[in-house]
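*Asks:* Quick one: the structure is below, and I'll ask about it shortly.
Residue numbers (my numbering): 276 to 431.
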């Protein structure tokens, strides 16, 4: 007999096939350029304390961005993926603004170059003095970015 059809619940067949896609505005800005400004259906991004996902009508917030994969889903173009390196995020009135310190499109990442960057960061951390906390923090951040770049470029 099969599952009940939408028509049996009083929903016209043409309306039951596809729900309208709810979108919100997303803008990504770096110190040197505007990377994106378009309607999106979903955004996943790293915050300093973990990964966050957003859909339309999410509660407003301001947060600090972390290092990792930024995935943007659009109704028209599908997924766009970036390596995000810090910054701030603000969501207000269904507009998400990501003020990124650094961002790289996933398809531009080179696995060999990312591996060199990771090796250099690990070596620099090894050589850094234990008393220079600011330098260690900066080098550790570089190691995090390089590790994420290696992972994203290898999984393409």
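Every residue, glycine too, gets a C-beta built ideally from N, C-alpha and C. Please read all numbers here as calculations on a predicted model, not as lab measurements.
Taking contact to mean 3 or more Cβ pairs, one atom from each stretch, closer than 8 angstroms, check whether the stretch 353 to 371 and the stretch 392 to 405 are in contact.
*Replies:* As far as the Cβ criterion goes, the stretch 353 to 371 does not touch the stretch 392 to 405, which means the pair count is below three.
*Asks:* Taking 8 angstroms as the threshold (C-beta atoms), are residue 400 and residue 390 in contact?
*Replies:* No, Cβ-Cβ distance for residue 390 and residue 400 is not below 8 angstroms.
*Asks:* Does the stretch 405 to 425 come close enough to the stretch 364 to 373 that 3 or more CB-CB pairs lie under 8 angstroms?
*Replies:* The stretch 364 to 373 vs the stretch 405 to 425: no contact.
*Asks:* Quick check on residue 425: does DSSP put it in helix, strand or coil?
*Replies:* Helix at residue 425.
*Asks:* For residue 297, count neighbouring Cβ atoms within 10 angstroms of its own Cβ and tell me buried if that reaches 16, exposed if not.
*Replies:* The residue is exposed, with fewer than 16 neighbouring Cβ atoms inside 10 Å.
*Asks:* Pull up the CB-CB distance for residue 336 and residue 315, whole angstroms please, since I reckon it's below 8 angstroms.
*Replies:* Going by Cβ atoms, the distance from residue 336 to residue 315 rounds to 17 angstroms, so no, they are not a contact pair.
*Asks:* Output needed for residue 319: all residues of its chain with C-beta closer than 6 angstroms, excluding positions within five of it in sequence on either side, in chain order.
*Replies:* 328, 346, listed in sequence order.
*Asks:* Helix, strand or coil: how does DSSP classify residue 349 here?
*Replies:* DSSP places residue 349 in strand when its eight states are reduced to three.
*Asks:* Any idea if residue 321 is buried or exposed, counting beta-carbon neighbours within 10 angstroms, 16 or more meaning buried?
*Replies:* Buried: at least 16 other Cβ atoms inside 10 Å.
*Asks:* What is the C-beta distance between residue 310 and residue 374, in whole angstroms, given that I count them as a contact (C-beta under 8 angstroms)?
*Replies:* About 11 angstroms; that fails the 8 angstroms criterion.
*Asks:* Which ranges would you report for the beta strand (DSSP E) in the stretch 345 to 412 if only whole runs of at least 3 residues count?
*Replies:* Runs of the beta strand (DSSP E) inside the stretch 345 to 412: 353 to 367, 370 to 380.
*Asks:* Does the distance from the CB of residue 357 to the CB of residue 381 come in under 8 angstroms?
*Replies:* It is a contact, given that the beta carbons lie within the stated cut-off.
*Asks:* Could you tell me which residues DSSP pairs with residue 302 in its beta bridges?
*Replies:* The partner list for residue 302 (beta bridge, DSSP) reads 312, 372.
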